[in-house]
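Undergrad: Mind looking over this structure? Questions follow.
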Amino acid sequence: MPELSIELIDDEILDVGDGIHIPRSWVAVATGLPGIPGAVRAHVVYDPTLRRAAAESVRVDRRGEGDEVTTTLLRDLRVQAIVKWTAVHVVRIDGDLSEPETYGQYLARLQADKSRSEEQNLREAVRLYRLASVINDGPLKLVSEQLGVSVSTATRMMNRARIAGLVDEATGREMLVQARKQQLREQFTGPYVAPGSSGPSIGR
Numbered sequence: 004m005p006e007l008s009i010e011l012i013d014d015e016i017l018d019v020g021d022g023i024h025i026p027r028s029w030v031a032v033a034t035g036l037p038g039i040p041g042a043v044r045a046h047v048v049y050d051p052t053l054r055r056a057a058a059e060s061v062r063v064d065r066r067g068e069g070d071e072v073t074t075t076l077l078r079d080l081r082v083q084a085i086v087k088w089t090a091v092h093v094v095r096i097d098g099d100l101s102e103p104e105t106y107g108q109y110l111a112r113l114q115a116d117k118s119r120s121e122e123q124n125l126r127e128a129v130r131l132y133r134l135a136s137v138i139n140d141g142p143l144k145l146v147s148e149q150l151g152v153s154v155s156t157a158t159r160m161m162n163r164a165r166i167a168g169l170v171d172e173a174t175g176r177e178m179l180v181q182a183r184k185q186q187l188r189e190q191f192t193g194p195y196v197a198p199g200s201s202g203p204s205i206g207r
């Protein structure tokens with residue numbers, strides 16, 4: 004069973020926009036990964052150019068005699084998954100509370116609050132999109148899942164937020180690329196239906 008731990012969290016906390024805060028760096032340690040005979044240590048940093056958490060270096064330590072680190076092993080290593088798993092635990096989100104919330108606290112509060120206005124929903128969509136980008140998750144997927152809409156509707160919401168000036172220029176450019184990719188996917192596969200919904204969302 005894989006086990007993850009986090010070491011050497013940098014004291015400097017970065018405000019990366021849209022109410023998202025993350026340490027400048029940390030070390031992720033993963034053990035028990037399938038096919039990996041030992042521990043994986045990844046030095047993770049927030050990269051301001053990529054605008055997300057990224058592995059700066061990765062080291063694989065074998066358990067002991069009889070094990071070896073091979074190129075095949077390294078090729079199968081899911082570095083991005085390790086970055087995401089640990090980023091989820093160190094990221095903090097400004098909410099309606101006096102102190103920043105953890106990832107889990109923020110999503111739980113979002114799910115429980117059913118009284119948001121359309122404008123508040125747009126702002127939460129922007130925050131979710133940015134949060135997903137920072138931790139290496141799928142931005143439109145997270146917006147869709149947490150706001151209970153289809154990916155197509157999430158795309159339209161983010162476009163409305165862009166037109167309303169609720170996103171920065173870099174995020175706006177990224178959204179246009181994501182929207183185009185989503186349009187191409189739907190041309191070949193049809194609209195994505197969010198879990199639990201009866202069909203594609205039209206007006207929500």
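4 is the number of the first residue of the sequence shown in our numbering; add one for each residue after it. Think of the CB as a built atom: it goes at the ideal place given N, C-alpha and C, for glycine as much as any other residue.
Go through its chain and collect everything with a Cβ distance to Gln83's Cβ below 7 Å, but skip five positions before and after it.
TA: To locate residue 83, count along the sequence shown from 1; it is residue 80. Correct list, in chain order: Asn139.
Undergrad: Do Ile39 and Val93 have their CB atoms nearer than 8 Å?
TA: As a first step, residue 39 must be located in the sequence shown, where it is residue number 36. As a first step, residue 93 must be located in the sequence shown, where it is residue number 90. Contact: no.
Undergrad: Do you know whose CA, among Leu7, Glu59 and Leu36, lies nearest Ser28's CA?
TA: The sequence position of residue 28 within the sequence shown is 25, counting from 1. Comparing Cα-Cα distances from Ser28 to each of Leu7, Glu59 and Leu36, the minimum goes to Glu59.
Undergrad: Is the CB-CB distance between Pro51 and Ala33 below 8 Å?
TA: Numbered from its first residue, the sequence shown carries residue 51 at position 48. Numbered from its first residue, the sequence shown carries residue 33 at position 30. In this structure, Ala33 does not lie closer than 8 Å to Pro51 by Cβ.
Undergrad: Could you please give me the residues that DSSP links to Ala42 through a beta bridge?
TA: Indexing the sequence shown from 1 puts residue 42 at position 39. The partner list for Ala42 (beta bridge, DSSP) reads Thr34 and Asp64.
Undergrad: Taking Leu7 as part of the beta strand (DSSP E), name the residues at either end of that continuous run.
TA: Position 4 of the sequence shown, counting from 1, holds the residue named residue 7. Leu7 -> beta strand (DSSP E) spans Glu6 to Glu10.
Undergrad: Along the chain, where does the beta strand (DSSP E) that runs through Ile23 open and close?
TA: As a position in the sequence shown, residue 23 is number 20, starting the count at 1. From DSSP, the beta strand (DSSP E) with Ile23 extends over Ile23 to Pro26.
Undergrad: Taking the alpha-carbon of Val19 as reference, which of Leu7, Val48, Val180 and Ala31 has the nearest alpha-carbon?
TA: Residue mapping note: residue 19 aligns to position 16 of the sequence shown, counting from 1. Nearest option by C-alpha distance: Val48.
Undergrad: To the nearest angstrom, how far is the alpha carbon of Val152 from that of Ala173?
TA: What you label residue 152 is simply residue 149 of the sequence shown in a count that begins at 1. What you label residue 173 is simply residue 170 of the sequence shown in a count that begins at 1. Cα to Cα, the separation comes out at about 24 Å.
Undergrad: Considering only residues of the stretch 103–134, which uninterrupted beta strand (DSSP E) runs meet the minimum length of 3 residues and lie entirely inside it, listed in chain order?
TA: Taken in chain order, the whole beta strand (DSSP E) runs of length 3 or more contained in the stretch 103–134 number zero.
Undergrad: Using the Cα positions of Ala57 and Val30, report the straight-line distance between them to the nearest angstrom.
TA: Translated into positions along the sequence shown, residue 57 becomes position 54. Translated into positions along the sequence shown, residue 30 becomes position 27. Rounded to the nearest angstrom, the two C-alpha atoms are 11 Å apart.
Undergrad: I'd like the list of long-range same chain contacts for Asp116, defined as Cβ closer than 8 Å, with 5 residues on each side in sequence excluded.
TA: Here the question's residue 116 lines up with position 113 in the sequence shown. None.
Undergrad: Between the Cα of Gly98 and the Cα atoms of Gln108, Leu150 and Thr89, which residue gives the shortest distance?
TA: Translated into positions along the sequence shown, residue 98 becomes position 95. Closest option to Gly98, Cα to Cα, is Gln108.
Undergrad: Measure the C-alpha to C-alpha separation of Ala42 and Val91 and round it to an integer number of angstroms.
TA: Residue mapping note: residue 42 aligns to position 39 of the sequence shown, counting from 1. Residue mapping note: residue 91 aligns to position 88 of the sequence shown, counting from 1. So the two alpha carbons sit approximately 20 Å from each other.
Undergrad: Quick one: grab the DSSP three-state call for Ala164.
TA: Walking along the sequence shown from the start, residue 164 turns up at place 161. Of the three classes helix, strand and coil, the one that applies to Ala164 here is helix, per DSSP.
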